[in-house]
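Residue numbers (the UniProt record's numbering): 1 to 312.
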């Protein structure tokens, strides 16, 4: 871990020295269409990027992030969806560099949790007028994550949702895909142990959130990406008809009618076991299986946020 400046010193360095590097995933929903616009607007703010990298092959994303960080920027600007930004978070965690976010994905959960404008001009302006803050880093076993670990229907949805559907309808692509999966989906039992207390539930979908948003919609008002806590909650319940109904409501109106009572387990560390063992979708990547130990690392990542962001 490198020695960190104070956040005020870091903010001042970005404004004074303008040392930034830019990496844009041009396979993301809006990345290719807006790449040159992004670069032009960054230059118009007086930044002369040390690196300007367009990543078309997602397998090379980590390589290009390393290349950008090798230029030693004060601000690493990354454009893409939540999966791209999760990779960037892992690269800048515990380092003396701030992450600047360009929301170019479908749901942009991470950008929403940071209170960023979702239009490009507004998001880019934050690099000039915002401040450096530190936010929580989630850990699923030894894998860092920015926003969400999920289990159940959403793992199948992530594997089946069609890119063309995301391009055409945006966020509703996920609940619409879920509607095709739910009729044949079986509920599972989840066991969550927090501070010695074991919670059990039957559900089709369980989420453990570090951020405030899932699928582009706010989970609950009292969830924060900067409060040192993870929140576990189920969508719908073990009753398939109820979840089908709520998924249909979400696909047509963009909102959940309920969260089966809302967040039900909050803690700094959780042990999750499921029956049967299940795959985990961690910020869009399916690589882990239960049982999984999840925890939060307070102030593990530095980010550039609007000046009015509440930095705890």
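Quick reminder that beta carbons are idealized off the backbone N, C-alpha and C, glycines included. Just so you know, these numbers come straight off a predicted model, no measurement behind them.
Check                                                                                                                            : Outcome
Sheet register partners of residue 135 (DSSP bridge)                                                                             : 301
In chain order, each beta strand (DSSP E) run of at least 3 residues that lies wholly inside the UniProt domain "DAGKc" (15-144) : 20-25, 51-55, 75-80, 98-103 and 131-140
Terminal residues of the beta strand (DSSP E) in which residue 270 lies                                                          : 269-275
Expected contact under 8 Å - CB spacing of residue 132 and residue 286 to nearest Å                                              : 32 Å between Cβ atoms; not a contact.
Unbroken beta strand (DSSP E) run spanning residue 264, endpoints                                                                : Here residue 264 belongs to no beta strand (DSSP E), and DSSP marks it neither H nor E.
Simplified DSSP assignment, three categories, for residue 200                                                                    : strand
Three-state class that DSSP yields for residue 154 in the structure shown                                                        : helix
Distance, residue 96 Cα to residue 1 Cα                                                                                          : A caution first: residue 1 carries a pLDDT of 49, below 50, which makes its placement in the model too unreliable to give a value.
Inter-residue CB distance, residue 86 and residue 267 (contact presumed, cutoff 8 Å)                                             : In fact, because the Cβ distance is near 22 Å, the residues do not count as touching under 8 Å.
Meets three-Cβ-pair contact criterion under 8 Å: the segment 144-155 and the segment 201-215                                     : yes
Segment limits, beta strand (DSSP E) that includes residue 191                                                                   : 188-194
Inter-stretch contact (C-beta, 8 Å, three-pair minimum) for the segment 51-59 and the segment 112-131                            : no
Distance between residue 15 and residue 40 (C-alpha atoms, nearest Å)                                                            : 18 Å
Local Cβ density within 10 Å of residue 36, reported as buried at 16 or more and exposed below that                              : exposed
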